[in-house]
Structure formats: structure tokens, C-alpha cells
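In my numbering, the protein residues as written are 118 to 221.
Laid out in C-alpha cells, this is it:
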């Protein structure tokens, strides 16, 4: 059990590193993790929407669909918070010298 938890945490950490480089697939994977509670994270619809939104902005079509589906389960305030967090993520990562905004 402890081994699978460590493996799940490593997966999330590695996807966060890829997301910091602008990888739209990493954004999508994080959206899945937060929307389903996989990878050792708690279900968090605001975080899931944020990551799906970033994936959609990066051209990930499945991210667009998941964001829309998730929005049906969220309040307007929750969606607004998720959008605020997505903008903050983009602002923060844009300041990093090694950031590529969205990876191909």
C-alpha cells in the first residue's frame, strides 16, 4: 500500500513538473486526478476545472469536454475561482525562465 501511494505521489509530482513547462497533456492528467481522486489527491472540483481549463487552452480537446462536463456540477463561484487559479498559474509559470507556456 505504501509503495502504491509513493508511486501515485511521484506521478502527480512529475505531472506538475510537466505542467510547469506548459504540457497540455499534463494539465489534462492533473484534471483527471483531481476530478476522480486518483494519484493520491482528494477530489477537488475547483482544481480539476483549473487543470482542464489549462488543458483546453493548450488545445487538448478532451480537456475542453471534461471542463464543460465538470462545469455542470459546479456553482458560478466555484467556476470563477477555478478560472482565477488558472490565470494565476499562467502568470506564475510565464515568469519562469524555462517556461514554454504550452508544450507541443
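Where a beta carbon is used, it is the ideal one built from N, C-alpha and C, also for glycine.
All figures in this text were calculated on a predicted structure; none of them were measured in a lab.
- Residue 133 and residue 147 have their C-alpha atoms roughly 8 angstroms apart.
- Residue environment analysis places residue 156 among the buried positions, since at least 16 neighbouring C-beta atoms fall within 10 angstroms of its C-beta.
- Annotated three-state conformation of residue 194 is helix, per DSSP.
- Taking C-alpha positions only, residue 205 is separated from residue 193 by approximately 18 angstroms.
- Taking C-beta atoms as the reference points, residue 166 and residue 129 fail to come closer than 8 angstroms.
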